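Okay, structure first, notes after.
Number of protein chains: 2
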Amino acid sequence: MSRKRRPTQVDVARQAGVSPAVVSTVLNGAGRGSVRVGPEAAARVRQAVRELGYVPNPVARNLAGGKNRILGVFTFESIFPIERRNFYFPFLIGVEAAAEERGYDLLLFTSASGPGSGRRIYRGGVNRLQLTDGAVLLGHEPDKSEPARLSDDGFPYVFVGRRELPGAEPSYVAADYAGGTGQVVTYLAELGHRRIAYLGTPSDREALRDRVAGFERSFAALGLDRAQAVRERLDPDDVTPDRLRSWTDAGVTAFLAENDILARSLLAAADAGGFSAPRDFSFAVLGDPLEPSDDPPDWTSFKIPRQEMGRQSLEVLLDLLEDPSRAPLRRVLPCTLVPGASTDRAPTKGVMPT
Amino acid sequence: MSRKRRPTQVDVARQAGVSPAVVSTVLNGAGRGSVRVGPEAAARVRQAVRELGYVPNPVARNLAGGKNRILGVFTFESIFPIERRNFYFPFLIGVEAAAEERGYDLLLFTSASGPGSGRRIYRGGVNRLQLTDGAVLLGHEPDKSEPARLSDDGFPYVFVGRRELPGAEPSYVAADYAGGTGQVVTYLAELGHRRIAYLGTPSDREALRDRVAGFERSFAALGLDRAQAVRERLDPDDVTPDRLRSWTDAGVTAFLAENDILARSLLAAADAGGFSAPRDFSFAVLGDPLEPSDDPPDWTSFKIPRQEMGRQSLEVLLDLLEDPSRAPLRRVLPCTLVPGASTDRAPTKGVMPT
DNA sequence: CTGAAAGCGCTTACAG
DNA sequence: CTGAAAGCGCTTACAG
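Just so you know, the sequences run in chain order A and V.
Residue numbers for the first sequence follow the numbering used here, so the first one is -13 and each next one is one higher.
Residue numbers for the second sequence follow the numbering used here, so the first one is -13 and each next one is one higher.
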């Protein structure tokens, strides 16, 4: 049961009658700071390697080389959140696939929950990610100072999702929420909708700001009247039948729901108020409808390329490791319009003439 | 932006006015070969750690022979397999939750694909898990020699799922497939079924053998005629309408499908042959129906406690690390019968008298 | 109770 | 063209 001693570089060197440095060079190929090795010395080394069954110890290699070929994955929420599994899963699939291709292992930071503090990068003032070569950051950070400090420390990391950081220029791979929202607005405009309400949450995250920006920009781009772009900040409970009626009375024919919850509130209000979509109004969700049921409703929406975002964030991280001076590295991936059954032509005003 | 040099143990030692050995001891707790440290020296060390933001290098720790509080998760198939996401996900949730509670980080081994070789623990003869304190092994191993060698090397690991290893006694946390199968048979017997066919795959994995064993044992336990227990080994294509007819003609009133695929084949054959379940026969799946749709069909089955298996496998691993002499450690968790719409009372033989 | 030193198995400047 | 040596950052016997 005791672990057998593996042959080491020293054993090989002795057997081949050379120094360890020569063994190292033969195995790694002539590199930057490597010694020169004659052909017959190299042959002796290879022979000894074969005879002894020598395999270099990757741990020692890492120690000597300064890198450990471990990349961190840090989520500001539980890595495998049961309720939101469909949210993070595709990112992780992408990250894993890319890591596998590039020969890196992934360290999941799990033990983050200090007393009451939730998941933090710095625990007791110490950057826990430090033990990796670099890290991919996932999810909504409760505290901007954490990534800011990461930047200060010069630790290589990439955000999944666009981030603005006071005093720092983070690298990220983001989805083009503004563009996705614009596509939805354009689609609605083509269906004849002119007055559109954006139902947003009170939150002001980058991902949400981008949607608002896309909403407003697209009105201009389409030559629509900016005054017809209604913007609301609501809690789900704020979407009442009365509220819905006041919107439609004001001529709103289509709604953009910032997320699923708001879309469901809207539907509930419609139900309670005797409205029906898309007969009385159209609506779309600004992202993938994925919560909480497993079979998504057939709503007009746009697809966020989550898996590709995961993949590319890892690749950007590797680029960063190769040449840190290139930071910040940023990529914005397009979202895809998904037409669904929640949208239809704008209803004609008033009662149909008979 | 230039990366600051990571503080090392030496830096901490200097700042605290102690030797590196003292720092090491404070961080690892008083252990076997550790030095004794006074309370105020320990306090100075902790203070210095905080001030410097020191994090021990896990690679160095490992090389020097110590523990690094990193646990490995190795899957013999892709960790996040898109097609089978629902299969591994619950295990991982459990593993992560337990790791988080116990303060361990998780290293996912991803870069396994040598040329054509699939996922392997030993790559070029080295144990890749070596960097971790121990590992949880997940999924079906194509090659028994890999875990066997792990045992030979004395590397601590726990299988999720029962495993038999020639010449080794692996630790594992398994589901009680035999018991689950027995519950299903009992349930069918209560519904009046006496002749039951077990539709199995040609494969002979432990998890499948356990189901067969449960099938056969339960006949004895229920006092049923063992000759009525029909056992078949089939590919999904083998389940044809003709075959189905021959079984029912022979008096079979209920089927046990080893997996979803076989259950679907059975249903397809029924469809094509003019049969209908549960009118003409009952059937149950021996496990969670989870493939490939997201909303599982309402079949009689049993629930595999995947999340709990993940959680307990990590806990067993920690027990193992604490005291390796207790190996092998084994736990078998109960499965829960899930009655569904695919079973009903046994049809009466022949035509109903009018 | 504490420190100095060897050693884990490599890589890489640095002399010859 | 080649070797001896330092060093990566730890842990752990071993002296004091």
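Note that the Cβ used here is the ideal one computed from N, Cα and C, for glycine as well.
Quick caveat: nothing in here was measured; it's all calculated off a predicted structure.
Range of the contiguous alpha helix (DSSP H) that encloses residue i
i        : result
TYR184/A : Premise fails: TYR184/A lies in the beta strand (DSSP E), 182 to 186, not in any alpha helix (DSSP H).
VAL31/V  : 25 to 38
ILE107/A : Segment: none, ILE107/A is in no alpha helix (DSSP H) and carries neither H nor E.
VAL45/A  : 44 to 51
GLY259/V : 246 to 259
Reduced DSSP secondary structure (H/G/I, E/B, other) of residue i
i        : result
LEU177/V : coil
ARG0/V   : helix
TYR163/A : helix
THR234/A : helix
ARG265/V : coil
ALA98/V  : At ALA98/V, the pLDDT of 49 sits below 50, so the modelled position is not reliable; the number obtained from the coordinates is stated separately. In this structure, ALA98/V counts as coil in the three-state DSSP scheme.
PHE141/V : coil
VAL343/A : Residue 343/A is absent from the structure shown; chain A starts at -13 and stops at 340.
PHE241/V : strand
LEU194/A : helix
VAL146/A : strand
LEU78/V  : helix
ASP274/A : coil
ASP228/V : helix
ARG317/V : strand
With 16 other Cβ atoms within 10 Å as the buried cut-off, status of residue i
i         : result
SER157/V  : buried
PRO278/V  : Annotation note: pLDDT 47 at PRO278/V (below 50); position unreliable, coordinate value reported separately. PRO278/V should be labelled exposed.
ARG292/A  : buried
SER232/A  : exposed
VAL(-4)/A : exposed
ASN43/V   : buried
PRO25/A   : exposed
GLY3/V    : exposed
GLU37/V   : exposed
PRO188/V  : exposed
ASN245/V  : buried
ASP223/A  : exposed
ARG297/A  : buried
ASP221/A  : exposed
Beta strand (DSSP E) segment containing residue i, residue limits
i        : result
SER287/V : 287 to 289
SER311/A : Taken as a continuous stretch (DSSP letters only), SER311/A belongs to no beta strand (DSSP E), as it is neither H nor E.
GLU155/A : Here GLU155/A belongs to no beta strand (DSSP E), and DSSP marks it neither H nor E.
VAL8/V   : It is not in any beta strand (DSSP E) - VAL8/V instead sits in the alpha helix (DSSP H) that spans 6 to 14.
ALA122/V : Note on identity: in this sequence residue 122/V is Val, with Ala being the wrong assignment. Start and end: 120 to 124.
VAL324/V : 322 to 324
GLY58/A  : 56 to 61
Selected residue, minimal CA-CA separation from residue i, among the options
i        : options                                   : result
TRP285/V : PRO325/V, ASP309/V and GLY3/V             : PRO325/V
PRO142/V : VAL271/V, GLN116/V, ARG149/V and ALA161/V : GLN116/V
PHE288/A : LEU57/A, ALA85/A and THR172/A             : THR172/A
GLN169/V : GLN298/V, GLY80/V, THR234/V and PRO320/V  : PRO320/V
LEU136/A : PRO314/V, VAL23/V and ARG(-8)/V           : ARG(-8)/V
LEU307/A : SER5/A, PHE261/A, GLY58/A and PHE205/A    : GLY58/A
ARG109/V : GLU132/V, GLU37/V and GLY178/V            : GLU132/V
GLY165/A : ARG195/A, GLY125/A and THR329/A           : ARG195/A
ASP305/A : ARG22/A, SER5/A, ALA121/A and LEU94/A     : ALA121/A
PHE62/V  : SER10/V, ARG203/V, ARG105/V and PHE95/V   : ARG105/V
LEU185/A : VAL41/A, ARG88/A, GLU155/A and THR226/A   : THR226/A
LEU253/A : VAL81/A, ALA28/A, THR329/A and GLU150/A   : THR329/A
PRO310/V : GLU176/V, ASP119/V and ASN113/V           : ASP119/V
ARG312/A : LEU78/A, VAL12/A and GLY140/A             : GLY140/A
ALA207/V : THR187/V, ALA175/V and ASP223/V           : ALA175/V
GLY153/A : ASP162/A, GLU86/A, ASP91/A and ASP138/A   : ASP138/A
ARG77/A  : ALA327/A, GLU301/A and MET295/A           : Per the sequence shown, residue 77/A should be read as Phe rather than Arg. It is MET295/A whose Cα lies nearest to the Cα of PHE77/A.
ASP235/V : ASP223/V, VAL35/V, VAL41/V and ALA183/V   : ALA183/V
ILE79/V  : SER299/V, GLU127/V and TYR163/V           : SER299/V
ARG265/V : LEU303/V, PRO275/V and THR239/V           : THR239/V
Taking only runs of the beta strand (DSSP E) that begin and end inside the region 202 to 226 of chain A, which ones reach a length of at least 3 residues, in chain order?
Note on the region 202 to 226 of chain A: whole beta strand (DSSP E) runs with a minimum of 3 residues are 215 to 219, in chain order.
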